[in-house]
Amino acid sequence: MRPTEHGFVGPLAGELEEYIRFKASMGRHGATRVQVLRSFDRHCLEHGAVRLERGVVERWIAHRIDANPGGCRSWFSYIRDFGRWMRLAHDPDAYVLSDQWKAGSPRPTPYLLTDREAALFLRAAGTLESPSPWAWRSRAFFMLMACCGLRTREVRRLAVGHVDHKARSIDVVDSKAGRSRRLPVGDEVAAELLECDQRSRERFGDDRPAFFVASTGNPVSPGMPGVVFRRVWTRAGLEWPQAGKRPRPYDFRHRFAFANIERWTRDGVDVMAMLPYLAAYMGHAGIDSTLYYVHASPDFMDGYADLVADAERVVPETEEP
Numbered sequence: 001m002r003p004t005e006h007g008f009v010g011p012l013a014g015e016l017e018e019y020i021r022f023k024a025s026m027g028r029h030g031a032t033r034v035q036v037l038r039s040f041d042r043h044c045l046e047h048g049a050v051r052l053e054r055g056v057v058e059r060w061i062a063h064r065i066d067a068n069p070g071g072c073r074s075w076f077s078y079i080r081d082f083g084r085w086m087r088l089a090h091d092p093d094a095y096v097l098s099d100q101w102k103a104g105s106p107r108p109t110p111y112l113l114t115d116r117e118a119a120l121f122l123r124a125a126g127t128l129e130s131p132s133p134w135a136w137r138s139r140a141f142f143m144l145m146a147c148c149g150l151r152t153r154e155v156r157r158l159a160v161g162h163v164d165h166k167a168r169s170i171d172v173v174d175s176k177a178g179r180s181r182r183l184p185v186g187d188e189v190a191a192e193l194l195e196c197d198q199r200s201r202e203r204f205g206d207d208r209p210a211f212f213v214a215s216t217g218n219p220v221s222p223g224m225p226g227v228v229f230r231r232v233w234t235r236a237g238l239e240w241p242q243a244g245k246r247p248r249p250y251d252f253r254h255r256f257a258f259a260n261i262e263r264w265t266r267d268g269v270d271v272m273a274m275l276p277y278l279a280a281y282m283g284h285a286g287i288d289s290t291l292y293y294v295h296a297s298p299d300f301m302d303g304y305a306d307l308v309a310d311a312e313r314v315v316p317e318t319e320e321p
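Quick note on the numbering used here: the sequence shown kicks off at 1 and runs consecutively.
In structure tokens, the structure reads:
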């Protein structure tokens with residue numbers, strides 16, 4: 001099927017396109033609505049969903065939340081409104097998102113990974129025993145989060161062609177809100193990526209659908225990194241918390257931001273001047289999202305209060321790489 005005007009290609013592409021045009025006729029032209037519904041459209045295509053049913057909608061929502069646990073959930077309103085429109089325009093049995101799915105902006109306090117925990121974890125990731133590709137890709141997968149600050153979803157969706165071994169860089173394409181960026185990687189990460197790519201090519205050939213694939217050759221599912229994370233954590237001999245905050249793969253991204261801010265402060269660097277660059281590297285729209293990582297670190301805030309109070313002064317602008 002050829003893409004519609006707004007890029008929909010799945011079984012519900014016609015209805016989605018009609019809905020977007022309906023909203024536009026009412027003066028609602030927001031690009032975010034289209035981006036969110038494109039994500040749902042891809043989900044319908046992947047799962048062969050031809051009707052707007054509860055299971056289809058809630059699986060898609062669960063995948064998006066898993067990929068970005070701390071993100072704003074205002075996008076719930078788009079799929080809920082689409083369901084209401086579908087009932088009136090096409091299918092009286094179309095699912096309308098239940099009120100049990102509240103929007104809001106949940107911000108769980110991250111688990112603060114220590115240097116020791118991170119080092120032991122990454123060491124153990126390189127020795128994981130498994131018949132699956134995780135045996136040789138675990139270290140590369142989690143190093144992209146720990147050393148480059150990538151989101152879990154960004155690592156899962158990384159394409160083979162977006163890893164440039166010669167230039168030692170990766171392209172994160174069409175990530176959150178459609179933003180893309182090119183990131184340099186260090187020698188150790190580059191070496192891990194090269195070895196992972198070579199071993200993956202030996203097993204799956206040159207045409208695998210993503211840089212990291214499952215045993216079946218398909219892209220890694222949203223829930224699998226969390227399963228492997230806990231397996232590696234145990235292998236590293238680290239104690240799993242029985243209560244309170246528990247570590248997740250996403251906490252490596254938090255640690256990346258925190259480690260940079262802490263290093264700049266220790267070295268006497270103007271942190272507020274550096275935040276726009278960190279925001280661009282991490283794929284944030286602006287420094288507000290980057291400041292969240294600072295605010296979520298209570299142990300760090302005592303020494304950082306003066307800098308945060310100065311956040312409204314002018315900072316140098318930067319372009320996203």
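Note that the Cβ used here is the ideal one computed from N, Cα and C, for glycine as well.
- At the C-beta level, Tyr111 and Arg246 come within 8 angstroms of one another.
- Residue pairing by DSSP puts Pro219 in a beta bridge opposite Val213.
- Comparing alpha-carbon positions, the option among Pro276, Tyr250, Ala236 lying closest to Phe142 turns out to be Tyr250.
- Shown here, Ser132 sits in coil according to DSSP, grouped into three states, outside any helix or strand.
- Sequence-distant partners of Ser200 (beyond 5 residues in either direction) whose C-beta falls short of 6 angstroms from its own C-beta are missing from its chain.
- Counting of Cβ neighbours within 10 angstroms places Arg123 among the exposed residues, the total staying below 16.
- By the C-beta criterion, the segment 199 to 216 is judged not to be in contact with the segment 78 to 92, since fewer than 3 inter-stretch pairs fall below 8 angstroms.
- One alpha carbon belongs to Gly217, the other to Pro225, and they sit about 16 angstroms apart.
- With 16 or more other Cβ atoms inside 10 Å of its own Cβ, Arg253 counts as buried.
- Under DSSP, the beta-bridge partners assigned to Arg182 are Asp171.
- The criterion of a C-beta distance shorter than 8 angstroms is not satisfied by Pro219 and Arg137.
- Asp164 is bridged by DSSP to Ser169.
- Cα atoms of Glu17 and Ile61: separation of roughly 20 angstroms, rounded to the nearest angstrom.
- Rounded to whole angstroms, Met145 and Ser25 show a C-alpha spacing of 42 angstroms.
- Of the residues assessed, Thr234 falls on the exposed side of the cut-off, its CB having fewer than 16 other CB atoms within 10 angstroms.
- Of the other Cβ atoms in all chains shown, fewer than 16 fall within 10 Å of the Cβ of Ala135; this residue is therefore exposed.
- For Ala13, same chain residues with a beta-carbon under 7 angstroms away, outside a window of 5 residues either side, are Met1, Thr4, Asp41 in chain order.
- Residue state for Trp264 is assigned as helix, using DSSP reduced to three classes.
- The alpha carbon of Val36 has as its nearest neighbour, out of Asp174, Ala236, His47, the alpha carbon of Asp174.
- Excluding sequence positions up to five before and after Ala125, its CB lies within less than 6 angstroms of the CB of Ser138, Arg139, Phe142, Val232, all in the same chain and listed in chain order.
- By the Cβ-count criterion, Ala243 is exposed, with fewer than 16 other Cβ atoms from all chains shown falling within 10 Å of its own Cβ.
- Around the beta carbon of Trp75, 16 or more other beta carbons sit within 10 angstroms, so the residue counts as buried.
- Between His165 and Leu128, the beta carbon gap of about 23 angstroms keeps them out of contact (Cβ cut-off 8 angstroms).
- Cβ contact annotation for Val163 (same chain, cutoff 7 angstroms, sequence separation greater than five): Ile170, Leu193, Asp197, Phe211, in chain order.
- A direct Cα-Cα distance of roughly 36 angstroms separates Phe82 from Leu278.
- By the neighbour-count definition (other C-beta atoms within 10 Å, threshold 16), His29 is an exposed residue.
- In the three-state reduction of the DSSP assignment, Ala236 falls in the coil class, being assigned neither a helical nor a strand state.
- In this structure, Val172 sits near Gly283, with a CB-CB distance shorter than 8 angstroms.
- Linking Arg73 to Ile79 through their CA atoms gives a straight-line distance of about 11 angstroms.
- Following the DSSP letters along the chain, one finds Ser39 inside the alpha helix (DSSP H) bounded by residues 31 to 47.
- Per the C-alpha coordinates, the member of Arg21, Lys176, Arg38, Arg263 positioned closest to Pro11 is Arg38.
- Inter-residue distance for Cys147 and Val271 is about 19 angstroms (C-alpha atoms, whole angstroms).
- CA-CA distance, Arg59 to Leu45, rounds to 13 angstroms.
- For the pair Val50 and Gly7, the Cα-to-Cα distance works out to about 17 angstroms.
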